[in-house]
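This report concerns only the one structure given below.
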Amino acid sequence: MAELTVATPTGPFTLVEAEGTLVACGWRNGPQDTTEATPVLQEAAAQLDAYFAGRLTRFDLPWRVDRSPFQAEACALMAAIPFGETITYGDMARALGVSAQAAGRGCGGNPLPVIVPCHRVLATNGLGGFSGSGGVETKVWLLRHEGAAGLLI
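For the sequence shown, counting from 1, position 70 maps to 223 in the numbering used here; every step adds exactly one.
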């Protein structure tokens, strides 16, 4: 596996690639050990930079979820949520045929935050949780960045 850590407005963000596919990413504290910057990691870093600069609204990267079939299905559903839009855990639960709590676990188990936009899933009566670094504050930042902040007031 190859890793590349990039600076983002929400903190250092590490991208992990295996066999030409992005398999994990997220915020990391501590030492930033970057291995060879492969073409996939370079493209992911460029797209993240464009996203945070406001020039990209949809990631176009090879990715996969090496977890349960349910987690893969949950991530596919989240990846389809358009930039600046949100759904609720209830919406997600209905689409997946599971409980809202299971949908929440699907969001929390997302190995590719930002790339697979779990931050776009909200509780019916508020934000809901966020398992990424910074917790709900990072979720709020990402939603504001995407112009979905009107939902937060």
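Just so you know, even glycine gets a beta-carbon here, dropped at the ideal spot from N, CA and C.
| Item | Value |
| --- | --- |
| Beta-carbon proximity of Arg-181 to Thr-167, cut-off 8 Å | yes |
| Check whether Gly-259 and Gly-281 have beta carbons under 8 Å apart | no |
| Residues near Thr-161 in its chain [Cβ-Cβ closer than 7 Å; skip 5 each side] | Leu-201, Phe-205 |
| Opposing strand residues paired with Cys-178 [DSSP bridges] | Leu-168 |
| Val-159: first and last residue of the uninterrupted beta strand (DSSP E) it sits in | 155-159 |
| For Thr-241: DSSP bridge partner residues | Leu-275 |
| Contact under 8 Å by Cβ, Ala-276 with Leu-249 | no |
| Leu-214 vs Ala-155 beta-carbon contact at 8 Å | no |
| Counted within 10 angstroms of its Cβ, other Cβ atoms place Ala-197 as buried (16 or more) or exposed | buried |
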